[in-house]
Amino acid sequence: MKEPVIDVTPAAVGNEVRQMKDAGWRLVGLSGAMVDDEQIDILYHFDKDLTLSHFRLRAPRTAPLPSISAVYSAAFLGENELQDLFAVRFENLVPDFKRTLYLEEEITTIPFATNVKAAEKKT
Amino acid sequence: MARTVIPFGPQHPVLPEPIHLKLVVEDEIVQEAIPALGYVHRGLEMLAQKRDFHQMVQVVERICGICSMIHSLCYCQGIEEMMGIEVPRRARLLRTLWSELHRSHSHLLWLGLFADSFGFESLFMQLWRIRERILDLNEATAGNRVIVSVNVIGGVRAEISEEQQRWILGEMAGFERDMNRIRSTLLEDYTVKSRTVGKGVLTREMAYELGAAGPVLRGSGIAQDMRQLGYAAYGDLDFEPVVEAAGDAYARCKVRFGEVMQSIRLVRQILGELAKETDPALAAKVKGRPEGEVVCRVEQPRGECLYYLKGSGKPQLDRVRVRTPTFANVPPLLAMLPGVELADVPVLVLSIDPCISCTER
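If you're matching them up, the sequences are chains A and B in order. For the first sequence, our numbering gives the first residue as 1, with consecutive numbering after it. For the second sequence, our numbering gives the first residue as 1001, with consecutive numbering after it.
Rendered as structure tokens:
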């Protein structure tokens, strides 16, 4: 990517995102992409005066990740979408649709992680 | 008064597409709105892993009928950036021309639906009658009325002849005349103003913090338009974002009306540039396969659209992620509903110009 991509860790993403917000960056959205069968990249896209900047969070897909919805409330939609499509889990996500934003409750297959079923039944 | 939950949608007279809102109301005043999506999720992003990257042009066009051309434009620009393809200037001008025709007919579609949402049916019909002019232009120049399918990776597949350019110029004069004739009804009529002025106010700060896009953002006083990035041929054109400060439904309507008028001016500029362009090339040759990552943004009629593309040298891309403008405008909609009367909800839902097919893909 031609824009700067800053690598962040699950432990640091909350603080880093908070700093972006304090510096006046607008959250454009979140993207997810599988790196391999185990790991996922989550990209956070920010804009300020038409300039883009990205965070890349690389983590095991099954590990719980911190939600940034407490910092940017609009992130709840992107995080819920990632839960649907990749079966990642965001902690303290409000509101949490528990993989039913797009998908029906009975669906346990994970669209972007082939040959894996979602571990837990939704409630 | 006890709180009551009123379901709004997924089937509702003002909704062309299905979205469900659980409205918590007290004394007919909305206290909270909770969205429910998933009625038109088609898994189009997943198709990227199964289809050749050239075939994906046709797939992304079908994410949304109304802004189909701009979806494929963004996708093609992303692939071209990834593969280092230089698009001929004539193709960039033609892409910009069709983009503006799309913006016009999308806004006219919305203005008509908006009038219909508060029961002004004759205004709805007049606006859709005007819209037919643009659809006729699309059909004559590209072969289709809505999904024009003109973009290919490296350029465009259709040319607009000099005779057609003169015809478009003449049509723009008639189009402008029609819009000027309807302006006072749309923007000054008591019926319109009583249902929109001061309704669903989104402050500048809220719009920015909630990540609003397009006319919703500009209707709250923020002069941000992705066309300012200068993609396609926008860098060669003279324009400023259309901005209104009030942040209410009326301001969003005024921004869209202003953008239709702006599109007419831009089409004239593009036709002027096309007349000067001597290189007849419409598309560059495409060799190789996309590799790497790219983020590309364009301004759709509904606002900023972001594509994240990832390729690894295979015929299929590893990931196509689309963040559409309505996806960005759902949180602002949820923020503007608390405190409004139940009867205003349909007008406010429409005021963000919701495209649910885009949102869910």
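No residue lacks a Cβ here, since even glycine has one placed at the ideal position from N, Cα and C.
Against chain A: residues of the region 1334–1353 of chain B by CB proximity under 8 Å = none
Between the CA atoms of Thr9 of chain A and Leu151 of chain A - distance to the nearest angstrom | This structure cannot settle anything about residue 151 of chain A, because the visible part of chain A is limited to 1 through 123.
Helix, strand or coil for His1071 of chain B per DSSP?
-> Residue mapping note: residue 1071 of chain B aligns to position 71 of the second sequence, counting from 1. Three-state result, His1071 of chain B: helix.
Starting from Ala1140 of chain B and walking both ways along the alpha helix (DSSP H), at which residues does that stretch end?
-> Taking the second sequence and counting its residues from 1, one reaches residue 1140 of chain B at position 140. Counting along the chain, the alpha helix (DSSP H) containing Ala1140 of chain B begins and ends at 1121–1142.
Can you give me the start and stop residues for the alpha helix (DSSP H) that Ser1106 of chain B sits inside?
-> Reading the second sequence from its first residue, position 106 is the one you call residue 1106 of chain B. That run of the alpha helix (DSSP H) goes 1089–1117.
Which of helix, strand or coil DSSP assigns to Thr62 of chain A | As a first step, residue 62 of chain A must be located in the first sequence, where it is residue number 62. Looking at Thr62 of chain A - three-state DSSP - the assignment turns out to be coil, as it is neither helix nor strand.
Using 8 Å as the Cβ pair cut-off and three pairs as the minimum, do the region 1014–1022 of chain B and the region 1291–1310 of chain B touch?
-> no
C-beta atoms of Val1152 of chain B and Val1320 of chain B nearer than 9 Å | Taking the second sequence and counting its residues from 1, one reaches residue 1152 of chain B at position 152. Taking the second sequence and counting its residues from 1, one reaches residue 1320 of chain B at position 320. It is not a contact, given that the beta carbons lie outside the stated cut-off.
Tell me which same chain residues have a C-beta within less than 8 Å of the C-beta of Pro1332 of chain B, skipping the five on either side of it?
-> Residue mapping note: residue 1332 of chain B aligns to position 332 of the second sequence, counting from 1. Answer for Pro1332 of chain B: Leu1202, Met1206, Ala1207, Leu1210, Gly1211, Ala1212, Val1216, Ile1352, listed in chain order.
What is the DSSP secondary structure of Ala12 of chain A, counted as helix, strand or coil?
-> Looking up residue 12 of chain A in the first sequence gives position 12. Of the three classes helix, strand and coil, the one that applies to Ala12 of chain A here is coil, per DSSP.
Exposed or buried, Ala1250 of chain B, counting other C-beta atoms within 10 Å across all chains shown (16 or more means buried)?
-> If you number the second sequence from 1, residue 1250 of chain B lands on position 250. Per the sequence shown, residue 1250 of chain B should be read as Tyr rather than Ala. When all chains shown are included, Tyr1250 of chain B counts as buried.
What residues match up with Thr1004 of chain B in a beta bridge as DSSP calls it?
-> Residue numbering aside, residue 1004 of chain B sits at position 4 when the second sequence is read from its first letter. Partner(s): B:Val1025.
Can you check whether the CB of Glu3 of chain A is closer than 9 Å to the CB of Ser53 of chain A?
-> For the purposes of this step, residue 53 of chain A is taken as the residue at position 53 of the first sequence. For the purposes of this step, residue 3 of chain A is taken as the residue at position 3 of the first sequence. Contact flag set, yes.
Consult DSSP for Gly1078 of chain B and reduce its assignment to one of helix, strand or coil.
-> Translated into positions along the second sequence, residue 1078 of chain B becomes position 78. Correct three-state label for Gly1078 of chain B: helix.
Step through the CB atoms of chain A and report whether any lies within less than 9 Å of the CB of Gln1126 of chain B.
-> Residue numbering aside, residue 1126 of chain B sits at position 126 when the second sequence is read from its first letter. No, Gln1126 of chain B lies away from the interface with chain A (no Cβ there is under 9 Å from its Cβ).
Could you have a look at Ala1036 of chain B and say whether DSSP puts it in helix, strand or coil?
-> As a position in the second sequence, residue 1036 of chain B is number 36, starting the count at 1. Reduced to three states, the DSSP call for Ala1036 of chain B is strand.
Could you please give the first and the last residue of the uninterrupted beta strand (DSSP E) stretch that includes Ser1312 of chain B?
-> The sequence position of residue 1312 of chain B within the second sequence is 312, counting from 1. Here the beta strand (DSSP E) through Ser1312 of chain B covers 1303–1312.
What number of angstroms, rounded off, separates the C-alpha of Ala1033 of chain B from the C-alpha of Tyr44 of chain A?
-> Mapped onto the second sequence, residue 1033 of chain B falls at position 33. Mapped onto the first sequence, residue 44 of chain A falls at position 44. Taking the straight line joining both Cα atoms gives about 26 Å.
Within-9 Å CB hit, Gly1247 of chain B to chain A = Mapped onto the second sequence, residue 1247 of chain B falls at position 247. No, Gly1247 of chain B does not count as interfacial toward chain A.
Just reading off the alpha helix (DSSP H) that Gln1058 of chain B is part of, what are its end residues?
-> Within the second sequence, numbered from 1, the residue matching residue 1058 of chain B stands at position 58. From DSSP, the alpha helix (DSSP H) with Gln1058 of chain B extends over 1056–1061.
With 9 Å set as the bound, which would you pick, yes or no: does the beta-carbon of Leu50 of chain A sit closer than that to a beta-carbon of chain B?
-> In the first sequence, counting from the first residue as 1, residue 50 of chain A sits at position 50. Yes - at least one Cβ of chain B is within 9 Å of the one on Leu50 of chain A.
Unbroken beta strand (DSSP E) run spanning Met1172 of chain B, endpoints = By 1-based counting over the second sequence, the position of residue 1172 of chain B is 172. Taken as a continuous stretch (DSSP letters only), Met1172 of chain B belongs to no beta strand (DSSP E), being part of the alpha helix (DSSP H) at 1162–1188.
Beta carbon of Val13 of chain A nearer than 9 Å to that of Phe55 of chain A = Residue 13 of chain A sits at position 13 when you count from the first residue of the first sequence. Residue 55 of chain A sits at position 55 when you count from the first residue of the first sequence. Yes.
Please report the Cβ distance between Leu1137 of chain B and Leu1101 of chain B, rounded to the nearest whole angstrom; I am assuming they are in contact, meaning their Cβ atoms lie under 8 Å.
-> Walking along the second sequence from the start, residue 1137 of chain B turns up at place 137. Walking along the second sequence from the start, residue 1101 of chain B turns up at place 101. Yes, they are in contact, since the Cβ atoms of Leu1137 of chain B and Leu1101 of chain B sit about 6 Å apart, within 8 Å.
Residues of its chain near Gly1154 of chain B, where Cβ-Cβ distance is below 6 Å and the 5 sequence neighbours each way are ignored | Start at 1 with the first residue of the second sequence, and residue 1154 of chain B comes out as number 154. For Gly1154 of chain B, where only same-chain residues beyond five positions count, the Cβ hits under 6 Å are Ile1085, Ala1283, Ala1284, Val1286.
Taking only beta-carbon atoms, is Glu79 of chain A less than 9 Å away from chain B?
-> What you label residue 79 of chain A is simply residue 79 of the first sequence in a count that begins at 1. Judged by the 9 Å Cβ criterion, Glu79 of chain A is not in contact with chain B.
Does DSSP classify Val1201 of chain B as helix, strand or coil?
-> Locating residue 1201 of chain B in the second sequence gives position 201, counting from the first residue. Correct three-state label for Val1201 of chain B: coil.
Give a yes or no on whether 9 Å exceeds the smallest Cβ distance from Leu103 of chain A to chain B.
-> For the purposes of this step, residue 103 of chain A is taken as residue 103 along the first sequence, with counting starting at 1. Answer yes: the Cβ-Cβ gap between Leu103 of chain A and chain B drops below 9 Å somewhere.
Of all Cβ atoms in chain B, is any one closer than 9 Å to the Cβ of Glu141 of chain A?
-> In this structure chain A extends from 1 to 123, so residue 141 of chain A is not present and cannot be described.
So, is Ile1006 of chain B buried or exposed, given that buried needs 16 or more other C-beta atoms within 10 angstroms?
-> Indexing the second sequence from 1 puts residue 1006 of chain B at position 6. Exposed, by the Cβ-count rule.
Note down the Cα distance separating Ser1149 of chain B from Phe1053 of chain B, rounded to an integer number of angstroms.
-> Sequence index remark: in the second sequence, residue 1149 of chain B carries index 149 (1-based). Sequence index remark: in the second sequence, residue 1053 of chain B carries index 53 (1-based). Ser1149 of chain B and Phe1053 of chain B: Cα-Cα distance of roughly 15 Å.
Any beta-carbon of chain B closer than 9 Å to the one on Val8 of chain A?
-> As a working note, residue 8 of chain A is residue 8 in the first sequence. Cβ-Cβ to chain B under 9 Å: no for Val8 of chain A.
Hey, quick one: how far does the beta strand (DSSP E) through Val1320 of chain B stretch, first residue to last?
-> Within the second sequence, the letter at position 320 stands for residue 1320 of chain B. Per DSSP, Val1320 of chain B belongs to the beta strand (DSSP E) from 1319–1323.
In chain B, which residues lie less than 7 Å from Arg4 of chain A when you measure between Cβ atoms?
-> Position 4 of the first sequence holds residue 4 of chain A. The question names Arg, but residue 4 of chain A in the sequence shown is Pro. In chain order: nothing, as chain B lies at least about 11 Å away.
Val988 of chain B to Leu1109 of chain B span [Cα, whole Å] | Because chain B spans 1001 through 1361 in this model, residue 988 of chain B falls outside it and cannot be assessed.
Using a Cβ cut-off of 9 Å, which residues of the region 1271–1294 of chain B contact any Cβ in chain A, in chain order?
-> Correct list: Gly1292, Glu1293, Val1294.
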